[in-house]
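Notes follow once the structure below has been shown.
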């Protein structure tokens, strides 16, 4: 923590899940935190989002568990299904398995509820959250930000949590800035109210099935699960191509086109799609590995999608952003004065960048596996799914089987690395290694 009487001033550009999560973490360390969000209000637009154990652990450490329990659904497992028949291919146990194994649960929630919990918590802590404050430019030398109305705000540190088309990233990288990589697929997002689902006997059972169901097929998949305490059924439908701009998840979609994409799918899920009254079209994209997340002077840094936007096939985009914020706060907690910020921010990058990039790769790998064309490779995948069924114990999975596992969320190597990670503890261990007081030197 900085010397008594001085509070480090941090500006966070972006009031999404990553920005608000970082604001909470930094404010709990005693910093003067301002969040600038361009939208004039929090939006109900969006749909379901998943909170895996590596993220729920951090959120619970912020004292927010009870708030989340008011909103979340606890799925018992992921169920992967054959696209045209609904035949069960394999499962990933979630509750209570993951809670018992990693000490924190896997939750399903509406994105607006997630953001609302973080927004309220940040405000209660005293974070200055300013809506309708669009950042037009970032000056890494100040550091400072210029708002669209011309106001200039300065801080000791500027954090860019401003998404895949980040202006903060543009300021840091300059002529090295990168463009998002459009994925081969788009996604429709939609919800169906419980009243409509429950009124149809062919699909009513899905509202009492609290699991996450995923129908996978050639170039397509549908992820579906209840949210808002079972009052809505959430749908994410991935399909080839599309016209929405990369990173846009609130472009209106065409219902006839949506249903046409899935005309060969399981009649049960097609019946659900017939109940959808509106949908959003989201062009999926990610970022290449960046040369750096931090400005040359160490006073501007990136987190979340601005640093490592990823495709959604491991449900880790928001989780990695939450990890970023927790790590950054732990790093800055060792600052004695503003002059310490650059080395601590570089430590944040050194700790977080390799993990986030490994997760990015994992999401791309999952996309390939889920969307295989029918044929020998798909048949081998389905056999491997069956071999990794829920009843197979971790200790019974040999290395050869694990290597062949098409479901990385059930991998005995990858799953503990992903879900069992404790970002706060891990960061402090790494900081002790990087800043070795006995040698009086750093190892960045």
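In the UniProt record's numbering, the protein residues as written are 1 to 444.
Ideal Cβ positions, reconstructed from N, Cα and C, are used throughout, including at glycine.
| Item | Value |
| --- | --- |
| Which of helix, strand or coil does DSSP assign to residue 343? | helix |
| Quick one: Cα of residue 322 to Cα of residue 373, how far? | 35 Å |
| Helix, strand or coil, according to DSSP, for residue 428 in the structure here? | helix |
| Three Cβ pairs or more, each shorter than 8 Å: is that satisfied between the stretch 312 to 329 and the stretch 258 to 278? | no |
| Tell me whether residue 398 is buried or exposed, calling it buried when 16 or more other Cβ atoms sit within 10 Å of its Cβ. | Residue placement at residue 398 cannot be trusted, given a pLDDT of 46 that sits under 50; what the coordinates show is reported in the next sentence. When all chains shown are included, residue 398 counts as exposed. |
| Given that a residue counts as buried once 16 or more other Cβ atoms are within 10 Å of its Cβ, and exposed if not, what is residue 391? | Note that residue 391 has pLDDT 44, beneath the 50 cutoff, so the model's placement of it is unreliable and no number is given. |
| Identify the residues that DSSP records as bridge partners of residue 50: which are they? | 108 |
| From residue 313 to residue 48, what distance separates their C-alpha atoms? | 14 Å |
| What is the DSSP secondary structure of residue 212, counted as helix, strand or coil? | strand |
| What is the C-beta distance between residue 264 and residue 84, in whole angstroms, given that I count them as a contact (C-beta under 8 Å)? | 5 Å |
| List the endpoints of the continuous beta strand (DSSP E) containing residue 139. | 135 to 139 |
| Consult DSSP for residue 81 and reduce its assignment to one of helix, strand or coil. | strand |
| Considering only the alpha carbon of each residue, which of 239, 16, 235 lies closest to residue 39? | 16 |
| CB-CB under 8 Å to residue 236, same chain, minus the five flanking residues each way: which ones, in chain order? | 47, 48, 187, 188, 189, 222, 223, 224, 312 |
| Which full runs of the alpha helix (DSSP H) of 4+ residues lie inside the stretch 176 to 205, going along the chain? | 194 to 198 |
| Helix, strand or coil: which one does DSSP assign to residue 220? | strand |
| Please classify residue 124: does DSSP put it in a helix, a strand, or coil? | helix |
| Using 8 Å for Cβ pairs, my map puts residue 180 next to residue 286. What's the rounded Cβ distance? | 7 Å |
| I need the DSSP call for residue 258, collapsed to helix, strand or coil. | helix |
| Among 240, 157, 306, 70, whose alpha-carbon lies nearest the alpha-carbon of residue 164? | 306 |
| Considering Cα atoms alone, identify which of 198, 171, 380 is closest to residue 293. | 171 |
| How long is the line joining the alpha carbons of residue 280 and residue 90, rounded to whole angstroms? | 29 Å |
| Have a look at residue 341 and residue 133 and give me their C-alpha separation to the nearest angstrom. | 25 Å |
| Taking only three categories from DSSP, how would you classify residue 231? | coil |
| Is the separation between the beta-carbon of residue 125 and that of residue 216 shorter than 8 Å? | no |
| CB-CB under 7 Å to residue 464, same chain, minus the five flanking residues each way: which ones, in chain order? | Beyond the ends of the chain as shown, which are 1 and 444, falls residue 464; an answer cannot be given. |
| Considering only C-alpha positions, which residue in the set 43, 422, 406 is nearest to residue 384? | 406 |
| Using a Cβ-Cβ cut-off of 7 Å (strictly less than) and excluding sequence neighbours within five positions of residue 21, which residues of its own chain qualify? | 118, 321, 322, 325 |
| According to DSSP, is residue 31 helix, strand or coil? | coil |
| Comparing C-alpha positions only, which one of 351, 130, 102 sits nearest to residue 37? | 130 |
| Indicate whether residue 57 and residue 104 have their beta-carbon atoms separated by less than 8 Å. | yes |
| Go ahead and label residue 440 buried or exposed: buried means 16 or more other beta carbons lie within 10 angstroms of its beta carbon, across all protein chains shown. | Interpretation of residue 440 is limited by its pLDDT of 45, a score under 50 that renders its predicted location unreliable; the figure taken from the coordinates is listed afterwards. The residue in question, residue 440, is exposed, as its Cβ has fewer than 16 Cβ neighbours within 10 Å. |
| What are the start and end residues of the alpha helix (DSSP H) that includes residue 148? | Premise fails: residue 148 is in no alpha helix (DSSP H) and is neither H nor E. |
| Taking residue 160 and residue 178 to be in contact with their CB atoms under 8 Å, please state how far apart those CB atoms are, rounded to whole angstroms. | That pair is no contact at about 14 Å. |
| Pull the bridge partners of residue 239 from the DSSP assignment, please. | 186 |
| Nearest to residue 428 by alpha carbon, out of 327, 14, 338, 361? | 327 |
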